[in-house]
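At position 67 of the sequence shown (counting the first as 1) the number is 170 in the working numbering, and the numbers step up by one without a gap. All C-beta atoms, glycine included, are put in the ideal place defined by N, C-alpha and C. One structure below.
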Amino acid sequence: MCRRQEKEEGRKKKNTWADHNPIKIIWKGLKKNRRWMLNRKILKEKECVKMMGKELEFFLKENKKQTSIPNLWDTTKAYIRGLAISYNTCRYKGRERRTI
104 MCRRQEKEEG
114 RKKKNTWADH
124 NPIKIIWKGL
134 KKNRRWMLNR
144 KILKEKECVK
154 MMGKELEFFL
164 KENKKQTSIP
174 NLWDTTKAYI
184 RGLAISYNTC
194 RYKGRERRTI
């Protein structure tokens with residue numbers, strides 16, 4: 104287990120309608136950075152670049168005429184993110200199988 108310095112604060116809230124009271128807990132711990140970042144190492148792999156190029160070509164061909172440019176840009180970013188996550192997952196599982 105990872106030990107972190109965290110503060111906990113608990114308060115018992117009043118309730119006149121029931122014989123049990125809700126408890127409010129405020130947890131002041133370390134905030135994690137939830138921002139996703141592209142693993143740049145995969146861009147050096149020819150297989151990944153080829154796969155992403157083929158997938159993006161198909162994606163843009165299907166979606167270019169149906170939507171506005173700002174919407175297309177946002178959906179393209181989300182699609183690229185999904186492709187990268189999928190590729191990294193397959194890559195990681197393949198490496199894991201080779202070590203077993």
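By the three-class DSSP mapping on this structure, what secondary structure does residue i have?
i, result
"residue 176", "helix"
"residue 157", "helix"
"residue 138", "coil"
"residue 207", "Given a span of 104 to 203 for the chain in the structure shown, any question on residue 207 remains unanswerable."
"residue 148", "coil"
Could you round the C-beta distance between residue i and residue j to whole angstroms and report it? I think they count as a contact, below 8 Å.
i, j, result
"residue 191", "residue 142", "6 Å"
"residue 187", "residue 145", "7 Å"
"residue 184", "residue 139", "6 Å"
"residue 167", "residue 175", "7 Å"
"residue 161", "residue 179", "Wrong, their Cβ atoms sit about 12 Å apart, outside the cutoff."
In terms of residues, what are the limits of the beta strand (DSSP E) holding residue i?
i, result
"residue 129", "126-131"
Can you give me the Cβ contacts of residue i inside the same chain, cut-off strictly under 8 Å, excluding the 5 residues immediately before and after it?
i, result
"residue 164", "none"
"residue 152", "146"
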